[in-house]
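Visitor: Have a look at this one before I ask anything.
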Amino acid sequence: TTMNHALPPCSDIDRFHLPYNIVGHGMLGVHQTVEEEKRALEEYLKDSEEDALELIAHESLLNTRETKLVYKKDQMKNRKETWQSLQKPSSSLWKAKNQL
Numbered sequence: 013t014t015m016n017h018a019l020p021p022c023s024d025i026d027r028f029h030l031p032y033n034i035v036g037h038g039m040l041g042v043h044q045t046v047e048e049e050k051r052a053l054e055e056y057l058k059d060s061e062e063d064a065l066e067l068i069a070h071e072s073l074l075n076t077r078e079t080k081l082v083y084k085k086d087q088m089k090n091r092k093e094t095w096q097s098l099q100k101p102s103s104s105l106w107k108a109k110n111q112l
């Protein structure tokens, strides 16, 4: 563990935010959670039939351009790709180790 007992020194932050079924720990990131909720709120406002909420929806205050589900999938894909790219040894380093 680290000096403050927070994370192991060789841990990868992207891995902590991946779901359990993808070898992660399933932790939620604050920024990602806020962005997901902004998209969910925008979807709710667009689907609402109440006059006051329709007026708010027409103001386009959020402008997220994608649904919560699409955003969440993109974030998981990016985190997984980043984590996997750090797991693979570079080809030159791998060749050097195997030539010894």
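Residues in the sequence shown are numbered from 13 upward in steps of one, following the numbering used here.
Ideal Cβ positions, reconstructed from N, Cα and C, are used throughout, including at glycine.
Bear in mind the structure is a predicted one, so any value in this text is a computation, not a measurement.
Could you have a look at SER72 and say whether DSSP puts it in helix, strand or coil?
Guide: Within the sequence shown, the letter at position 60 stands for residue 72. In this structure, SER72 counts as coil in the three-state DSSP scheme.
Visitor: Tell me which residues share the same chain as ALA69 and place their Cβ nearer than 6 Å to its Cβ, disregarding the 5 neighbours each side in the sequence.
Guide: Here residue 69 refers to the residue found at position 57 of the sequence shown. Excluding five sequence positions before and after ALA69, the CB atoms of its chain that fall closer than 6 Å to its own CB belong to LEU57, LYS58, given in chain order.
Visitor: Out of curiosity, what's the CA-to-CA distance linking GLU48 and GLN87?
Guide: Within the sequence shown, residue 48 is the residue found at index 36, counting from 1. Within the sequence shown, residue 87 is the residue found at index 75, counting from 1. GLU48 and GLN87: Cα-Cα distance of roughly 10 Å.
Visitor: Who are the Cβ neighbours of ALA52 in its own chain at under 8 Å, not counting the five residues just before and after it?
Guide: Taking the sequence shown and counting its residues from 1, the one referred to as residue 52 is at position 40. Counting only Cβ-Cβ distances below 8 Å, and skipping sequence neighbours, we find LYS80.
Visitor: Check the C-beta distance from LYS50 over to THR76 and give it rounded, since I have them as a contact under 8 Å.
Guide: What you label residue 50 is simply residue 38 of the sequence shown in a count that begins at 1. What you label residue 76 is simply residue 64 of the sequence shown in a count that begins at 1. Right, the Cβ-Cβ distance comes to about 6 Å (below 8 Å), so this counts as a contact.
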